[in-house]
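>
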Amino acid sequence: MGIHRCPKIAYSRLGSFETIILVNIKPLKIAVVGDVHDQWEQADTLALKSLAVDLVLFVGDFGNEAVDVVKTIAAVDTPKAVAFGNHDAWYTATDWGRQKCPYNRTIEDRVQEQLDLIGEDHVGYGKRDFPDLQLTVVGGRPFSWGGPEWKYHDFYKERFGVDGFAASAQRMIQAVETATYDRILFLSHNGPTGLGEAAEAPCGKDWNPIGGDYGDPDLAEAIAHARTLGKTIPLVAFGHMHHHLRHTKTRQRQRLVTSPEGTVYLNAACVSRIRKTPQGKQRNFSLVSLDQNQVSEVSLVWVGEDFQVVETELLSQRLAQSSFML
Numbered sequence: 012m013g014i015h016r017c018p019k020i021a022y023s024r025l026g027s028f029e030t031i032i033l034v035n036i037k038p039l040k041i042a043v044v045g046d047v048h049d050q051w052e053q054a055d056t057l058a059l060k061s062l063a064v065d066l067v068l069f070v071g072d073f074g075n076e077a078v079d080v081v082k083t084i085a086a087v088d089t090p091k092a093v094a095f096g097n098h099d100a101w102y103t104a105t106d107w108g109r110q111k112c113p114y115n116r117t118i119e120d121r122v123q124e125q126l127d128l129i130g131e132d133h134v135g136y137g138k139r140d141f142p143d144l145q146l147t148v149v150g151g152r153p154f155s156w157g158g159p160e161w162k163y164h165d166f167y168k169e170r171f172g173v174d175g176f177a178a179s180a181q182r183m184i185q186a187v188e189t190a191t192y193d194r195i196l197f198l199s200h201n202g203p204t205g206l207g208e209a210a211e212a213p214c215g216k217d218w219n220p221i222g223g224d225y226g227d228p229d230l231a232e233a234i235a236h237a238r239t240l241g242k243t244i245p246l247v248a249f250g251h252m253h254h255h256l257r258h259t260k261t262r263q264r265q266r267l268v269t270s271p272e273g274t275v276y277l278n279a280a281c282v283s284r285i286r287k288t289p290q291g292k293q294r295n296f297s298l299v300s301l302d303q304n305q306v307s308e309v310s311l312v313w314v315g316e317d318f319q320v321v322e323t324e325l326l327s328q329r330l331a332q333s334s335f336m337l
């Protein structure tokens with residue numbers, strides 16, 4: 012019988028919080044699921060299983076308050092963390108959305124239904140510790156639309172007691188400070204500010220007027236604060252800004268940036284998630300290999316009808332070419 016070696020454990024006390032630092036951690040395989048937009052079927056759950064990942068991160072936009080889709084996501088039994096996107100509050104957060112709402116909002120609250128279905132797997136304004144993986148996933152602002160202006164005041168005040176970027180950042184910071192592990196992954200629908208002003212940047216604005224950083228400043232503040240606490244941040248995963256650009260078809264959005272600290276910022280919004288080919292449907296997943304506290308490889312894969320990977324695009328080859336703007 013082989014010897015099972017337990018990971019070495021050290022403790023770090025920062026202020027009033029005690030965190031756990033683990034060494035000799037096993038390599039992890041993480042799937043990041045980009046904006047779903049109603050494209051999640053039972054076959055996607057089976058495809059995910061075939062990839063044999065340790066953790067799956069969903070960046071949100073499951074549909075326009077698509078409760079049935081979220082119900083299917085909730086049933087995924089792979090360890091998971093979930094963010095919600097702007098489409099997940101499409102008929103609730105905005106005046107124009109409420110005017111177009113196809114259901115009776117006085118008797119249904121589909122935003123709350125989605126939150127209830129996902130339960131503790133939802134990390135928006137919170138966190139989830141994964142003891143078996145020795146990491147904590149911290150969530151960004153739930154239902155984010157992105158951009159430099161605070162939007163949908165009533166929605167955030169009523170649902171979360173948040174009245175602006177400062178209060179929003181503080182909610183994320185509280186989650187960071189209560190994280191059990193010093194190894195933190197951030198998961199949000201939209202990415203942080205600081206990844207570039209160009210329309211092709213991971214959070215760049217690709218509609219008129221073209222250009223500008225459309226990231227979330229509150230998320231950027233929380234990430235910066237986590238670093239001051241000595242947290243290690245291998246990965247920040249998000250979506251929202253689709254890879255196919257609106258203003259040009261000659262190129263795609265930059266999908267990956269690495270910072271001087273070694274943090275990989277991954278935009279996983281490859282939309283549409285499912286494509287039809289002569290060989291049948293193919294489904295995309297972003298795969299991240301995590302070795303100790305460092306991302307060693309990132310790829311975009313397409314899984315075919317037989318649940319085999321039929322196409323792989325290595326994004327990590329672009330790490331050295333990426334620039335970080337903070």
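The sequence shown begins at 12 in our numbering and counts up one residue at a time.
Built from N, CA and C at the ideal position, the CB exists for glycine as well.
Since this is a predicted model, take the numbers as computed values, not measurements.
Just to check my reading of the structure: Lys91 and Val67 have Cβ atoms closer than 8 Å, yes? What is that Cβ distance to the nearest angstrom?
5 Å
> Can you tell me whether Gln110 is buried or exposed, with buried defined as 16 or more other CB within 10 angstroms of its CB?
That one is exposed.
> Do you know offhand how far Val314's Cα is from Gly202's?
Those two C-alpha atoms are separated by around 26 Å.
> For the alpha helix (DSSP H) that contains Ile234, what are its first and last residues?
228 to 239
> Using CA coordinates, which residue listed in Thr117, His251, Asn219, Val134 is at the minimum distance from Asp72?
His251
> So, helix, strand or coil for Phe318, using DSSP?
coil
> For Pro245 and Ile118, I'd like the C-alpha separation in whole angstroms.
43 Å
> Looking at Leu326: is its Cβ nearer than 8 Å to the Cβ of Leu267?
yes
> Go to Asp106, then tell me how far its beta strand (DSSP E) extends in each direction, as first and last residue.
No beta strand (DSSP E) holds Asp106; the alpha helix (DSSP H) holding it covers 106 to 110.
> What do you reckon, are the CB atoms on Ile405 and Val93 nearer than 8 Å?
The chain is shown from 12 up to 337; residue 405 falls before or after that span and cannot be answered.
> Which one of Thr89, Val80, Arg121 has the shortest CA to CA distance from Ala100?
Arg121
> Are the Cβ atoms of Asn97 and Phe154 separated by less than 8 Å?
yes
> Using a Cβ distance threshold of 8 Å, determine whether the segment 294 to 304 contacts the segment 279 to 286, with at least three qualifying pairs required.
Verdict: yes, contact present.
> Just grab the DSSP bridge partners of Leu323 for me.
The displayed chain sequence assigns Thr, not Leu, to residue 323. In the DSSP output, where bridge partners are listed per residue, Thr323 has Val312.
> Let me know if His253 comes out buried or exposed under the rule of 16 or more other beta-carbons within 10 Å of its beta-carbon.
buried
> Cutting at 6 Å between CB atoms, please list the residues of its own chain near Val149, excluding the five before and the five after it.
In chain order, Lys138, Ala186, Val187, Ile195, Phe197 place their CB closer than 6 Å to the CB of Val149, counting only its own chain and leaving out the 5 sequence neighbours on each side.
> Where does the unbroken beta strand (DSSP E) through Val298 begin, and where does it stop?
Here residue 298 turns out to be Leu, not Val, going by the sequence shown. Per DSSP, Leu298 belongs to the beta strand (DSSP E) from 291 to 302.
> What residue range does the beta strand (DSSP E) around Ala248 cover?
243 to 249
> Please state if the CB of His48 and the CB of Phe95 are separated by a distance shorter than 8 Å.
no
> Less than 8 Å between the beta carbons of Ala42 and Leu59, yes or no?
yes
> Return the Cβ separation of Asp227 and Gly207 in integer angstroms, given the expectation that the two are a contact with Cβ distance under 8 Å.
With 8 Å as the limit, Asp227 and Gly207 do not qualify as a contact, their Cβ atoms being about 14 Å apart.
> Taking C-alpha atoms, which residue in Ala210, Gln123, Glu211 lies nearest to Arg170?
It is Gln123 whose Cα lies nearest to the Cα of Arg170.
> If Val312 sits next to Val275, beta carbons under 8 Å apart, how far is it from one beta carbon to the other, in whole angstroms?
So it is not a contact: roughly 17 Å between Cβ atoms.
> Of all the options Ala237, Arg182, His258, which has the alpha carbon lying nearest to the alpha carbon of Gly215?
His258
> Could you check if Arg262 is buried or exposed, using at least 16 other CB atoms within 10 Å of its CB as the buried criterion?
Looking at its Cβ environment, which holds fewer than 16 other Cβ atoms inside 10 Å, Arg262 is exposed.
> May I have the straight-line CA-CA distance separating Met183 from Thr323, to the nearest angstrom?
34 Å
> Kindly provide the ranges of any alpha helix (DSSP H) runs that are 4 or more residues long and lie completely inside the segment 145 to 183, ordered along the chain.
Taking only runs of at least 4 residues, the alpha helix (DSSP H) segments lying wholly in the segment 145 to 183 are 164 to 171.
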